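Some notes on the structure that comes next.
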Amino acid sequence: MGKQPPLKHAVIPAAGLGTRFLPATKAIPKEMLPLVDKPAIQYVVEEAYSAGFTDLLLITGHNKGALIDHFLQSPELEQTLHARGDQERLGSLQKLNMLPSLHTVRQESARGLGDAVLTAAEHVGDSPFAVLLGDDLIEPSDLLWKKMVQVYEEFGGCVLALMEVPDSEVSKYGIAKVTYESEMRVHDLVEKPTKADAPSNLAIIGRYILSPEIFSILRHTSTGKGGEVQLTDAIATLARDERIAGPVHAVTAEVRRFDTGDRLSYLKTVVEFATRREDLGPEFTTWLKGYIRGLND
Ligand code: UTP
1 MGKQPPLKHA VIPAAGLGTR FLPATKAIPK EMLPLVDKPA IQYVVEEAYS AGFTDLLLIT
61 GHNKGALIDH FLQSPELEQT LHARGDQERL GSLQKLNMLP SLHTVRQESA RGLGDAVLTA
121 AEHVGDSPFA VLLGDDLIEP SDLLWKKMVQ VYEEFGGCVL ALMEVPDSEV SKYGIAKVTY
181 ESEMRVHDLV EKPTKADAPS NLAIIGRYIL SPEIFSILRH TSTGKGGEVQ LTDAIATLAR
241 DERIAGPVHA VTAEVRRFDT GDRLSYLKTV VEFATRREDL GPEFTTWLKG YIRGLND
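One point on numbering: in our numbering, the residue at position 240 of the sequence shown is 240, and numbering is uninterrupted.
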């Protein structure tokens, strides 16, 4: 893969408390909430594999048993489906027997995304790696990863994915201060700024390529916004001084992001994914149109 160290690790943090979804997320992680019949985490794991990452590390937290079970073999279910001759569902289950190529590590307590990424240090070692947030879906992701990997190959360092957001939403995201050179260069980042403090309208979305130096920065990053160790603050340290780990670049691609950790966004995602389905879509869409007409009356 060119002059930079190869990218094979993908880290998928899924250890957050999911408080916005309580009580549903009391016993199960929000990453297990289904989009019709497939949990969000499965989309993200499939995305990481199809982007070419061969070593996946899932960061789990206090109630993450279901996350691990989801990717384990399930002999009883498989036998039942086999006995019923239900090859389609059997195939969909067998596809999920991804452990051991999917590794897991536990974040002791939900101290923030930065702390979650730090728990990957031992597994990832001295290699550059990708991060995909377990509750964020991106479509089409192949386009985004192609661009991110190209920029990484050319410049090394870190590569972020950015999306333009309206003024009213900058306080929900990490916001980047950028200049436009041959590629977009990031000079600083501010986590959840007020509109007045936001250096731009470019928000970080949940896909990153990071250099391993981020781990030593994270070890010395004190808690930031919300009393959590913020990944954004650690990347900002790298962005302000390229001598530490090379430059921080960013790409913006024509992709759509679905934040399944937010209730309203989750609902919209379920409806959109359902209407697109070949099996359920036509009937669901007919029902939905009728339902909406009923609301307007
Ligand atoms: P969020 O900020 O959306 O997750 O983190 P949260 O804290 O669980 O959400 P609320 O606000 O309480 O509802 C983005 C991603 O980072 C992971 C989450 O699981 C999610 O995939 N995360 C966050 C961790 O793995 N550990 C943490 O300590 C915090």
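By construction, the Cβ of each residue, glycine as well, lies at the ideal position given by its N, Cα and C atoms.
Keep in mind it's a predicted model, so treat the numbers as computed, not measured.
Item: Could you give the residue range of the alpha helix (DSSP H) that holds isoleucine 28?; Value: Run containing isoleucine 28: none; DSSP gives neither H nor E here.
Item: Helix or strand or just coil, what does DSSP make of glutamate 164?; Value: strand
Item: Under a CB-based cut-off of 7 Å, is valine 151 close to chain B?; Value: Of the chains in the structure shown, none is chain B; there is only one protein chain.
Item: On the three-state DSSP scale, how would you describe arginine 207?; Value: strand
Item: On the criterion of 16 or more Cβ atoms from any shown chain inside 10 Å, does glutamate 88 qualify as buried, or is it exposed?; Value: exposed
Item: Helix, strand or coil for arginine 111 per DSSP?; Value: coil
Item: If I measure Cβ to Cβ from leucine 295 and keep anything under 6 Å in the same chain, skipping five residues before and after, which residues do I get?; Value: none
Item: Helix, strand or coil: which one does DSSP assign to proline 282?; Value: helix
Item: Which residues in the same chain as phenylalanine 21 place their Cβ atom closer than 6 Å to its Cβ, once the five residues preceding and following it in sequence are excluded?; Value: Lys30
Item: Distance check for lysine 146 and valine 131, CA to CA, integer angstroms please.; Value: 15 Å
Item: Identify, in the order they occur along the chain, each residue of the same chain with its Cβ nearer than 7 Å to the Cβ of alanine 239, setting aside the five sequence neighbours on each side.; Value: Val186, His187, Asp188, Leu189 and Val248
Item: So, do the segment 54-64 and the segment 112-124 have three or more beta carbon pairs nearer to each other than 8 Å?; Value: yes
Item: Just verifying my parser: in three-state terms, what is the DSSP assignment at phenylalanine 258?; Value: strand
Item: Can you tell me which residues form a DSSP beta bridge with leucine 35?; Value: Lys38
Item: Return yes when the Cβ of leucine 202 is within less than 7 Å of the Cβ of leucine 137, no when it is not.; Value: no
Item: So, for leucine 90: in the same chain, excluding its five sequence neighbours on each side, which residues have a beta-carbon less than 7 Å away from its beta-carbon?; Value: Glu78, Leu81 and His82
Item: Between Arg111, Val178, Gly125 and Asn63, which lies nearest to proline 212 when the distance is taken from Cα to Cα?; Value: Gly125
Item: Would you check whether the ligand COA has a heavy atom nearer than 6 Å to the C-beta of aspartate 135?; Value: As for the ligand COA, it is missing from this structure, which binds only the ligand UTP.
Item: Who does glutamate 139 pair with in a DSSP beta bridge?; Value: Arg256
Item: On the CB-based measure, 16 or more other CB atoms within 10 Å of its CB, does methionine 1 come out buried or exposed?; Value: Here methionine 1 scores only 44 on pLDDT, less than 50, and its place in the model should not be relied on; the value that follows carries that caveat. Exposed: under 16 other Cβ atoms inside 10 Å.
Item: Let me make sure I understand the geometry here. Which of Pro13, Phe284, Leu35 and Thr223 has the alpha-carbon closest to that of tyrosine 266?; Value: Leu35
Item: Only counting the same chain, and skipping five residues up and downstream in sequence, which positions put a Cβ closer than 7 Å to that of glutamate 139?; Value: Val255 and Arg256
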